[in-house]
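Engineer: For reference, the structure I am asking about is given below.
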Amino acid sequence: MASTPGAAASSCRFAIFSSMLVLLCMSCHAQLSSTFYDESCPDALAAIRTSIRTAVSRERRMAASLIRLHFHDCFVQGCDASILLENSPTISSERDVGPNRGSVRGYEVIDDAKSEVEKICPGVVSCADIVAVAARDASVAVGSPSWTVKLGRRDSITASPSLVSSDLPSFQDDLEILVSRFASKGLSAREMVALSGAHTLGQAQCFTFRDRIYSNGSDIDAGFASTRKRRCPASGGDATLAPLDLVTPNSFDNNYFKNLMQKKGLLESDQVLFSGGSTDSIVSDYSKKPASFKSDFAAAMIKMGDINPLTGSSGQIRRICSALN
Numbered sequence: 006m007a008s009t010p011g012a013a014a015s016s017c018r019f020a021i022f023s024s025m026l027v028l029l030c031m032s033c034h035a036q037l038s039s040t041f042y043d044e045s046c047p048d049a050l051a052a053i054r055t056s057i058r059t060a061v062s063r064e065r066r067m068a069a070s071l072i073r074l075h076f077h078d079c080f081v082q083g084c085d086a087s088i089l090l091e092n093s094p095t096i097s098s099e100r101d102v103g104p105n106r107g108s109v110r111g112y113e114v115i116d117d118a119k120s121e122v123e124k125i126c127p128g129v130v131s132c133a134d135i136v137a138v139a140a141r142d143a144s145v146a147v148g149s150p151s152w153t154v155k156l157g158r159r160d161s162i163t164a165s166p167s168l169v170s171s172d173l174p175s176f177q178d179d180l181e182i183l184v185s186r187f188a189s190k191g192l193s194a195r196e197m198v199a200l201s202g203a204h205t206l207g208q209a210q211c212f213t214f215r216d217r218i219y220s221n222g223s224d225i226d227a228g229f230a231s232t233r234k235r236r237c238p239a240s241g242g243d244a245t246l247a248p249l250d251l252v253t254p255n256s257f258d259n260n261y262f263k264n265l266m267q268k269k270g271l272l273e274s275d276q277v278l279f280s281g282g283s284t285d286s287i288v289s290d291y292s293k294k295p296a297s298f299k300s301d302f303a304a305a306m307i308k309m310g311d312i313n314p315l316t317g318s319s320g321q322i323r324r325i326c327s328a329l330n
């Protein structure tokens, strides 16, 4: 059927509008660049690096906390520093909800880094970018390879506590759910396993692994479970900590994957990565090839940092990371 002149004109306008949307989207992504602050604040990255190195040297566990802070920020409405906002008359904070409650750390380290940057370039560098750079610098401080952080994110003027529980992975998730949660953020199963390798660092609270070590299941090494029970009783002691990697908890290496192959994953969501499922081969590969793991981890961190950033005139550059301007 031949189209009418009016229909053709309408179709043309729609095509032009669609093209404009594509170009607009492309320009938004183009604004994230490793050279974003080269002219506006050339000393920003050095100031952040010094601040983060100081924090990690003071407490090595902080490296894991800063990586996790970046992860928990990006998975809830994008990498926009919404997790840093405290409760206020206009903001319901993400900090005390679900997986973040009493668990996510490092807020004061980001505040300190922001303070140092504000001294040299007030109102220029976003808190969202500082969180992303801090995760990289903290990782490098404990043995991870470096990567180039893309910059130019702006800070959210909203927070989404309702999305914290729905979007963030849980320590009780099975493999199918984990794969789905990461896929919803544009991350593949391999990238999910690489990012999970961050659990070669840091510690978990007793309540997150109690059910696993007392389950008498076939997916946990009996000696490992017995050792963990010494500091995690069947009831009480919920906040007692245990290293996610019992072998080298403060070094960025591939022992996490070796642990999984020996049924010594601390969290259920760790062990499901090597439990007869689709990701077994990836875990096995990383257990044998530490360079491959580290390279894939760096690439996955870059990709995670691309999740729904605010750019251009969206959001704001907060002067204080915990509050709106």
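According to the numbering used here, the sequence shown is numbered sequentially starting from 6.
Even glycine gets a Cβ: it sits at the ideal position worked out from N, Cα and C.
Any contact of the stretch 135 to 149 with the stretch 52 to 66, i.e. 3+ C-beta pairs under 8 angstroms?
Structural biologist: Counting Cβ pairs under 8 angstroms, three or more are found: they touch.
Engineer: Short of 8 angstroms in beta carbon distance, which residues of its chain neighbour T245, apart from the five on each side in sequence? Order them along the chain.
Structural biologist: Along the sequence shown, one-based indexing puts residue 245 at 240. Contacts found: Q210, C211, R236, C237.
Engineer: Which whole runs of the beta strand (DSSP E) in the stretch 229 to 285 are 3 residues long or more, in chain order?
Structural biologist: Those beta strand (DSSP E) runs which fall completely within the stretch 229 to 285 and span 3+ residues are 246 to 248.
Engineer: Beta-carbon separation of I331 and I96 under 8 angstroms?
Structural biologist: Residue 331 cannot be examined here, being either before or after the span of the chain that is shown, 6 to 330.
Engineer: Quick one: residues in its chain with C-beta nearer than 8 angstroms to the C-beta of I325, no 5 flanking neighbours on either side, listed in chain order?
Structural biologist: Indexing the sequence shown from 1 puts residue 325 at position 320. These residues qualify, in order along the chain: D116, K119.
Engineer: Report the residue from L90, F214, A139, F187 whose alpha carbon sits nearest the alpha carbon of A49.
Structural biologist: Position 44 of the sequence shown holds residue 49. Of L90, F214, A139, F187, the residue nearest in Cα terms is A139.
Engineer: Mapping DSSP to helix, strand and coil, what is V27?
Structural biologist: Here the question's residue 27 lines up with position 22 in the sequence shown. Because V27 sits at a pLDDT of 42, beneath the cut-off of 50, its placement in the model cannot be relied upon, and the point is left open.
Engineer: Can you grab the Cα-Cα spacing for the pair L173 / F214, in whole Å?
Structural biologist: By one-based count along the sequence shown, residue 173 stands at place 168. By one-based count along the sequence shown, residue 214 stands at place 209. Distance between the alpha carbons of L173 and F214 is about 17 angstroms.
Engineer: Return the Cβ separation of K234 and I312 in integer angstroms, given the expectation that the two are a contact with Cβ distance under 8 angstroms.
Structural biologist: One-based indexing of the sequence shown puts residue 234 at position 229. One-based indexing of the sequence shown puts residue 312 at position 307. About 38 angstroms separates the two Cβ atoms, so there is no contact after all.
Engineer: Where T205 and A296 are concerned, what is the direct C-alpha to C-alpha distance, given to the nearest angstrom?
Structural biologist: Taking the first residue of the sequence shown as position 1, residue 205 is located at position 200. Taking the first residue of the sequence shown as position 1, residue 296 is located at position 291. Those two C-alpha atoms are separated by around 14 angstroms.
Engineer: Name the DSSP bridge partner or partners of I325?
Structural biologist: Taking the sequence shown and counting its residues from 1, one reaches residue 325 at position 320. I325 pairs with A328.
Engineer: Beta-carbon within less than 7 angstroms of G128's beta-carbon, same chain only, minus the 5 sequence neighbours each way: which residues are those?
Structural biologist: Counting from one through the sequence shown, the residue named residue 128 turns up at place 123. Answer for G128: I322, R324, listed in chain order.
Engineer: Judging by CA-CA distance, which residue of A230, F262, I72 is the nearest neighbour of A247?
Structural biologist: To locate residue 247, count along the sequence shown from 1; it is residue 242. If we check each option's Cα against that of A247, A230 comes out closest.
Engineer: Kindly give me the distance between the Cβ atoms of W152 and R141, rounded to whole angstroms, as I take these residues to be in contact under 8 angstroms.
Structural biologist: The count along the sequence shown starts at 1 and reaches residue 152 at position 147. The count along the sequence shown starts at 1 and reaches residue 141 at position 136. The Cβ separation is near 6 angstroms, so the contact holds.
Engineer: How far does the alpha helix (DSSP H) with A209 in it extend, from its first residue to its last?
Structural biologist: Within the sequence shown, numbered from 1, the residue matching residue 209 stands at position 204. Unbroken run through A209 is the beta strand (DSSP E), 208 to 210; no alpha helix (DSSP H).
Engineer: In the DSSP output, what is I160 paired with across the bridge?
Structural biologist: Counting from one through the sequence shown, the residue named residue 160 turns up at place 155. It should be noted that the sequence gives Asp, not Ile, for residue 160. For D160, which the question treats as bridged, DSSP gives the partners Q321.
Engineer: For S38, list the residues DSSP reports as bridge partners.
Structural biologist: Position 33 of the sequence shown, counting from 1, holds the residue named residue 38. In DSSP, S38 forms a bridge with L156.
Engineer: Would you kindly work out how many angstroms separate the C-alpha atoms of D301 and I218, rounded to a whole number?
Structural biologist: Looking up residue 301 in the sequence shown gives position 296. Looking up residue 218 in the sequence shown gives position 213. Each residue's Cα considered, the two are about 30 angstroms apart.
Engineer: For L315, which residues does DSSP report across the bridge?
Structural biologist: The residue given as residue 315 occupies position 310 in the sequence shown. According to DSSP, L315 bridges with R159.
Engineer: Helix, strand or coil for G103? Go by DSSP, reduced to three states.
Structural biologist: To locate residue 103, count along the sequence shown from 1; it is residue 98. Helix, per DSSP.
Engineer: Under the three-state reduction of DSSP, which class applies to G191: helix, strand or coil?
Structural biologist: In the sequence shown, counting from the first residue as 1, residue 191 sits at position 186. G191: coil per DSSP, three-state reduction.
Engineer: Are there 16 or more other CB atoms within 10 angstroms of the CB of A35, so buried, or fewer, so exposed?
Structural biologist: Position 30 of the sequence shown, counted from the first residue, corresponds to residue 35. Annotation note: pLDDT 45 at A35 (below 50); position unreliable, coordinate value reported separately. Exposed is the call here.
Engineer: Only counting the same chain, and skipping five residues up and downstream in sequence, which positions put a Cβ closer than 6 angstroms to that of V277?
Structural biologist: As a first step, residue 277 must be located in the sequence shown, where it is residue number 272. Excluding residues within five positions, the ones whose Cβ falls inside 6 angstroms are D179, L180.
Engineer: Closest to R110 by C-alpha separation, out of H75, D85, G241, would be which residue?
Structural biologist: Counting from one through the sequence shown, the residue named residue 110 turns up at place 105. Considering only alpha carbons, the answer is H75.
Engineer: If you draw a straight line from the C-alpha of S93 to the C-alpha of S319, how long is it?
Structural biologist: Within the sequence shown, the letter at position 88 stands for residue 93. Within the sequence shown, the letter at position 314 stands for residue 319. In a straight line, the C-alpha of S93 is about 21 angstroms away from that of S319.
Engineer: Between R66, D85, K299, which lies nearest to S165 when the distance is taken from Cα to Cα?
Structural biologist: Position 160 of the sequence shown, counted from the first residue, corresponds to residue 165. It is D85.
Engineer: Work out the CA separation of N221 and V154 for me, nearest whole Å.
Structural biologist: The sequence position of residue 154 within the sequence shown is 149, counting from 1. The sequence position of residue 221 within the sequence shown is 216, counting from 1. Cα to Cα, V154 sits roughly 43 angstroms from N221.
Engineer: Could you tell me the distance, in whole angstroms, from the CA atom of R65 to the CA atom of N255?
Structural biologist: As a first step, residue 65 is located in the sequence shown; it is residue number 60 there, counting from the start. As a first step, residue 255 is located in the sequence shown; it is residue number 250 there, counting from the start. If you take the alpha carbons of R65 and N255, they lie about 7 angstroms apart.
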